[in-house]
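Step one of this worksheet: look at the structure below.
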Amino acid sequence: MTHHHRRGANGASGTMTLDRTTPIAAVAPAVVTVTIPVGSESDAVVANPRTGCVYVANQLDDTVSVISGQTNTVTATIPVGSESDAVVANPRTGCVYVANQLDDTVSVISGQTNTVTTTIPVGNPQGMAVNSLTGDVYVTNFNHGTVSVICGRTNTVSATIPVGSLPISVAVNSLTGDVYVTNFSGGTVSVISGRTSAVTATIPVGTSPYGVAVSLLTGDVYVTNFSDGTVSVISGQTSTVTATIRVGTGPAAIAANPLTGDVYVTNFSDGTVSVISGQTSTVTATIAVGTGPAGVAVNPLTGAIYTANVGDDTVSVIFG
514 MTHHHRRGAN GASGTMTLDR TTPIAAVAPA VVTVTIPVGS ESDAVVANPR TGCVYVANQL
574 DDTVSVISGQ TNTVTATIPV GSESDAVVAN PRTGCVYVAN QLDDTVSVIS GQTNTVTTTI
634 PVGNPQGMAV NSLTGDVYVT NFNHGTVSVI CGRTNTVSAT IPVGSLPISV AVNSLTGDVY
694 VTNFSGGTVS VISGRTSAVT ATIPVGTSPY GVAVSLLTGD VYVTNFSDGT VSVISGQTST
754 VTATIRVGTG PAAIAANPLT GDVYVTNFSD GTVSVISGQT STVTATIAVG TGPAGVAVNP
814 LTGAIYTANV GDDTVSVIFG
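Per the numbering used here, residue 514 is the first one in the sequence shown, and the count goes up by one each step.
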């Protein structure tokens, strides 16, 4: 998350705007249960669905911290490339991929040994996502306006796809294979066919679209608009914006819970996480976390939510 360091951060017609930031009562409110110190400028996090381990990219350390999903303690620190600022896990292989922005590479970590097994040249990597059906890894090249496709079997680049201006984050709809890319300076989302690797649609959203996530339960796509303080909801069937939800200040990363459909948004400038109901598209809770939460992930094995807090070098663990 290059634009969201502690040093400072560098609507479609016919849609509705929902301004419901006041949390409503919840049966079991989510709370932060533990705060874990990690490396310097921890700004990306992912849970490995095969092992339950959590991987945190520490941008200034050029390392990845490994957290046990059972004990919530750091069990390993792995050296990677320069300015690691995105991390994803391949559910088919258990491998973990780390984007090294200054190296123009992606490091591949074995989920079994927690060692780097290969390094893949790409463009200027900023965000990553994995297609859980094919194992292909999609990497946004921020300054190049492209997306690199890495074959999960061979760990080689199989395609490079032009998208919009300053592509920053990417998510895959595992139900359809479609790929969604946020174009930070263009105010749009590019939709890539997973079958043809061609852009099939360009969707206008809010100002400075940053994070993107897909709900496995509904196929809806959620996009954080950093400068608007909103989240756009895109129908996975029609590729149109169906709702705009008001959240906190500087919404950055976003993750959808595959078990409940709830959506978690890190508000970078507020130090909070907004919880959005996947059923009603309303904010149901606002949770205080660390300073400058820049990354968020859901552990599908435990249901825990993890935020990487770039401002205080910690990870907050949320249960509930």
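For glycine and all other residues, C-beta sits at the position ideal for the given N, C-alpha and C.
Nothing here was measured: the structure is a model prediction, and the numbers come from that model.
Straight-line gap, residue i to residue j (C-alpha atoms, nearest Å)
i, j, result
"Pro550", "Thr820", "12 Å"
"Ser597", "Arg759", "30 Å"
"Asn561", "Ser752", "29 Å"
"Ala726", "Gly816", "17 Å"
"Asn770", "Ala810", "9 Å"
"Val650", "Ile716", "22 Å"
"Pro675", "Ile622", "27 Å"
"Leu646", "Gly690", "8 Å"
"Thr546", "Ser829", "8 Å"
"Pro634", "Thr793", "42 Å"
"Pro604", "Gly648", "8 Å"
"Gly624", "Thr606", "8 Å"
"Asn638", "Thr628", "Note that residue 638 is Pro in the sequence shown, not Asn. Taking the straight line joining both Cα atoms gives about 20 Å."
"Ile831", "Ile789", "15 Å"
"Thr653", "Ile818", "24 Å"
"Val746", "Ala642", "19 Å"
"Arg563", "Val796", "30 Å"
"Thr630", "Pro542", "41 Å"
Proximal residues to residue i (C-beta, below 8 Å), its chain only, five neighbours per side dropped
i, result
"Thr667", "none"
"Thr731", "Gly749, Gly774 and Gly791"
"Ser687", "Asn644, Ser645, Leu646, Val727 and Leu729"
"Asp825", "Gly803, Thr804 and Gly805"
"Ala714", "Ser703, Val704 and Ser752"
"Asp617", "Pro634, Val635, Gly636, Asn637 and Pro638"
Bridge partners - residue i, DSSP secondary structure assignment
i, result
"Val559", "Tyr568"
"Asn822", "Pro806 and Thr827"
"Thr548", "Ser829"
"Asn738", "Pro722 and Thr743"
"Gly640", "Thr653"
"Arg759", "Thr743"
"Thr695", "Ser682 and Val702"
"Ala768", "Tyr777"
"Ala543", "Per DSSP, none; premise fails for Ala543."
"Asn627", "Partner(s): none; Asn627 has no beta bridge."
Among the options, nearest to residue i - alpha-carbon criterion
i, options, result
"Ser553", "Ser703, Val577 and Thr546", "Val577"
"Cys566", "Asp574, Val601 and Asp741", "Val601"
"Leu729", "Val685, Ser740 and Ile580", "Val685"
"Thr779", "Ala765, Ser706 and Val579", "Ala765"
"His657", "Val670, Thr606, Pro680 and Met641", "Pro680"
"Gly742", "Pro592, Ser782, Val579 and Gly677", "Ser782"
Neighbourhood of residue i by C-beta distance below 7 Å, restricted to the same chain and skipping five residues each side
i, result
"Asp556", "Met514, His517, Ala570, Gln572, Asp598, Ala807, Gly808, Ala821 and Val823"
"Thr718", "Note that residue 718 corresponds to Val in the displayed sequence, not to Thr. Cβ within range, chain order: Gly700, Thr701, Val702, Val736, Asn738, Ser745 and Val754."
Chain-order list of residues whose beta-carbon lies under 6 Å from that of residue i (same chain, five-residue window excluded)
i, result
"Ile767", "Gly724, Ala726, Tyr735, Thr737 and Val778"
Distance cut-off 7 Å: residue i Cβ against heavy atoms of the ligand ATP
i, result
"Thr546", "The ligand content of the structure shown is nil, which means the ligand ATP is not present either."
Say whether the region 695-706 touches the region 715-723, bearing in mind that this needs 3 or more beta-carbon pairs closer than 8 Å, one atom from each stretch.
The region 695-706 vs the region 715-723: in contact.
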